[in-house]
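Working notes for the structure below.
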Amino acid sequence: IGVGPDRFAAIAQRVLSPKTAPTVTIDHIHRPLVSVTDEAIRIVEHLRRSSRSTFRSLVGDAESTLVVVARFLALLELYKEGVLRFEQVIALGELHITWVGSSEGEIEVSDEFDIPVQVTEDETNGESNV
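Laid out in structure tokens, this is it:
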């Protein structure tokens, strides 16, 4: 076959050596939960200080897509409460947010999107993963 003993030994070693099992990471599956209510509090604090901001700046420090989504939902909840106003000069342009609520006091935000996670002991082998 045109293969010398040294080359044949190298091929045999490569073929017969144990293979490492492929690993699949699951880090993306168990992302930490993001609270829309907590993100609304951050947005309220930011807008009370600056009175006007852009969506881009409000999500600029977001660690994940989940945080961006939570902040977007928080903005919608705050809009529903009547404490902020949206302005977009051109379609698909920069979204400006202006605070029109009070400068003090608590703002009630619905916890509709903050669904509590219920973990049973069977699922965690006696330890909580939340």
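For the sequence shown, the numbering used here begins at 1020 and goes up steadily by one. By construction, the Cβ of each residue, glycine as well, lies at the ideal position given by its N, Cα and C atoms.
What do you reckon, are the CB atoms on L1103 and V1119 nearer than 8 angstroms?
yes
Based on DSSP bridge pairs, tell me the residues matched to T1056.
In the DSSP output, where bridge partners are listed per residue, T1056 has none listed.
Quick one: using the 10 Å Cβ neighbour count with 16 as the cut-off for buried, is S1122 buried or exposed?
exposed
What does DSSP give as the partner residues of R1071 in its beta bridges?
T1117
Which residues does DSSP pair with R1104 in a beta bridge?
T1117
At the level of alpha carbons, what is the spacing between E1058 and R1033?
54 angstroms
On the premise that V1053 lies in contact with E1096, defined as a C-beta separation below 8 angstroms, what is that separation, rounded to the nearest angstrom?
Going by Cβ atoms, the distance from E1096 to V1053 rounds to 14 angstroms, so no, they are not a contact pair.
Answer with buried or exposed for I1116, where buried requires no fewer than 16 other C-beta atoms within 10 angstroms of its C-beta.
buried
At what residues does the alpha helix (DSSP H) containing I1030 begin and finish?
P1024 to L1035
Do T1073 and E1127 have their beta-carbon atoms positioned less than 8 angstroms apart in this structure?
no
In whole angstroms, give me the CA-to-CA distance for L1066 and F1091.
14 angstroms
Taking Cβ to Cβ, would you say A1089 is nearer than 8 angstroms to I1062?
no
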